[in-house]
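K.L.:
Below you will find the structure I want to go over with you.
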C-alpha cells in the first residue's frame, strides 16, 4: 500500500518516539490507514513521532464482520503492512467492546447465548494477526458504576454469559494468542471525584478477581481521556492507583490520551496552555511508575479527533465515515493541530519523557 520510508520532512525537534525509547517505553497513536494514505503530512508526523500504532476502527468486530461470515480485513491488513514496512509495532484494539458488536451478532446473542460466536470472532482475528501483534485489548470498558452493585456494565456480553464473560474472554484470547500480553482497557479512572473513585475501586476488585481465578490478564490500559470540565486532578490519587495496579504484577499502558477542554471560546493560546498543563501533570505521575511501558494518544492531530466532532450522541461518531476536520472553535486536545503544526501538548509530552531517567 505504501512503500517503506522515513518521513520526508521530519521535524528538527526531538521526536516523541525517541524520547520515549530513552526511558524504555514506546509512544504511539491511534490511526486509520485511509487517513495515512490520503494525507502525507499526517503520515510524516506519525512516522516521525510514533513507534507504536493502534487501529482506531479497523480491528473492531463490526468493522471486520458487518454481516455474519462476511469478514473484511482490508483496512486492518493495510495498517499491518504499513507498520511492518516502516518498522512500527501494533497494539491490537479491541476484541470485545459493547459499542462495536455487529447488529446481527448482538441480536443472535440476545436470542441464543452462544459462546461459539465469540470464539469464532477471536479466532478469525488472532489467527490472522497473532504473529504480528503482541499486545491486545481483549475487553474494553466493562465497568459502569450506575448499573449493578459489582460495577459491571449491563452489556450484551453480560446478559448472554453472566459476570464470568470477562474471564472467559481472556481464556479464549490466550488459546489463540499464546504469547501475547492481554489487556483490559478502561476509561474514567483519572480524577479525584466520587464517580471515578468508585470506578478505580471497582477496577481493582475486578483485577483481583481475575487474578485469583488465574485469568491470563497481563496488563491494564488506562484510556486517560482527560477532561478540564471534571474538576480536581490529584497527583497522589493517581500515583496510588498506579501503584495498586503495579502490585498485581501487571503491565500498564496509557492507551487513549487526549484532553477535552472546558471553554472553547477562550483564546487559543490559553486553551493550548491548559491542555498542555494537564497532559504534563498526568504524564509526570504516570511515568514515575515503572510499570507504565507505553503511552498512546487517541489520534495524533485535532484534524481527526473524536473530540473535534464534539457529538453529544457518540453513536454519531461511530456511524461517521470520516469527518471534514474541525472548525476554529472545536477541541484542541492532541499533540498536533488540524494543520499538522506541533501543539503545546506535544511539547508537554516530550518534556514528561525527558524528565525521566535513560532507562527504567
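Numbering (full-length UniProt numbering), first residue to last: 1 to 360.
Ideal Cβ positions, reconstructed from N, Cα and C, are used throughout, including at glycine.
Here the structure is a predicted model, which means the values were calculated and not measured.
With DSSP as the reference, label residue 101 as helix, strand or coil.
P.N.:
Stepping through the chain shown from its first residue, residue 101 is reached at position 101. Residue 101 falls in the coil class under three-state DSSP.
K.L.:
Going by beta-carbon coordinates alone, are residue 198 and residue 154 separated by less than 7 Å?
P.N.:
Taking the chain shown and counting its residues from 1, the one referred to as residue 198 is at position 198. Taking the chain shown and counting its residues from 1, the one referred to as residue 154 is at position 154. Taking 7 Å as the Cβ cut-off, residue 198 and residue 154 do not qualify as a contacting pair.
K.L.:
Taking C-alpha atoms, which residue in 355, 274, 92 and 292 lies nearest to residue 331?
P.N.:
The sequence position of residue 331 within the chain shown is 331, counting from 1. Residue 331 has its Cα closest to that of 274, out of 355, 274, 92 and 292.
K.L.:
Candidates 93, 258, 281 and 70: which alpha carbon is nearest residue 80's?
P.N.:
Position 80 of the chain shown holds residue 80. The candidate whose alpha carbon is nearest that of residue 80 is 93.
K.L.:
Taking a contact to mean a Cβ-Cβ separation below 7 Å, would you say residue 181 touches residue 255 in this structure?
P.N.:
Position 181 of the chain shown holds residue 181. Position 255 of the chain shown holds residue 255. Contact flag unset, no.
K.L.:
Candidates 75, 148, 150 and 111: which alpha carbon is nearest residue 34's?
P.N.:
Locating residue 34 in the chain shown gives position 34, counting from the first residue. Taking only the C-alpha atoms, the option nearest residue 34 is 75.
K.L.:
Over what stretch of residues does the beta strand (DSSP E) that includes residue 186 continue unbroken?
P.N.:
Counted from its first residue, the chain shown places residue 186 at position 186. Segment 181 to 186, the beta strand (DSSP E) holding residue 186.
K.L.:
Looking at the secondary structure, which residues open and close the beta strand (DSSP E) in which residue 55 lies?
P.N.:
By 1-based counting over the chain shown, the position of residue 55 is 55. Residues 52 to 55.
K.L.:
Residue 19: buried (16+ other C-beta within 10 angstroms of its C-beta) or exposed?
P.N.:
Within the chain shown, residue 19 is the residue found at index 19, counting from 1. Counting Cβ neighbours within 10 Å, residue 19 comes out buried, since at least 16 surround it.
K.L.:
Under a Cβ-count criterion, where at least 16 other Cβ atoms within 10 Å of its own Cβ denotes burial, should residue 208 be classed as buried or exposed?
P.N.:
Mapped onto the chain shown, residue 208 falls at position 208. The residue is exposed, with fewer than 16 neighbouring Cβ atoms inside 10 Å.
K.L.:
Tell me, to the nearest whole angstrom, how far the beta carbon of residue 121 is from that of residue 61; I am working on the premise that it is less than 8 Å.
P.N.:
Reading the chain shown from its first residue, position 121 is the one you call residue 121. Reading the chain shown from its first residue, position 61 is the one you call residue 61. Sure, about 6 Å apart at Cβ, within 8 Å.
K.L.:
Taking C-alpha atoms, which residue in 132, 123 and 167 lies nearest to residue 363?
P.N.:
Shown here, the chain extends from 1 to 360; a query on residue 363 therefore has no answer.
K.L.:
Assign residue 153 to one of three DSSP states: helix, strand, or coil.
P.N.:
Looking up residue 153 in the chain shown gives position 153. Coil, per DSSP.
K.L.:
I'd like to know whether the C-beta atoms of residue 297 and residue 29 end up nearer to each other than 7 Å.
P.N.:
The residue you call residue 297 lines up with position 297 of the chain shown. The residue you call residue 29 lines up with position 29 of the chain shown. For residue 297 and residue 29, yes; Cβs fall inside 7 Å.
K.L.:
So, helix, strand or coil for residue 301, using DSSP?
P.N.:
Mapped onto the chain shown, residue 301 falls at position 301. Residue 301: strand per DSSP, three-state reduction.
K.L.:
Taking DSSP as the reference, what is the three-state secondary structure of residue 227?
P.N.:
On the chain shown, residue 227 is found 227 positions in, with the first residue counted as 1. Note: residue 227 maps to strand in three-state DSSP.
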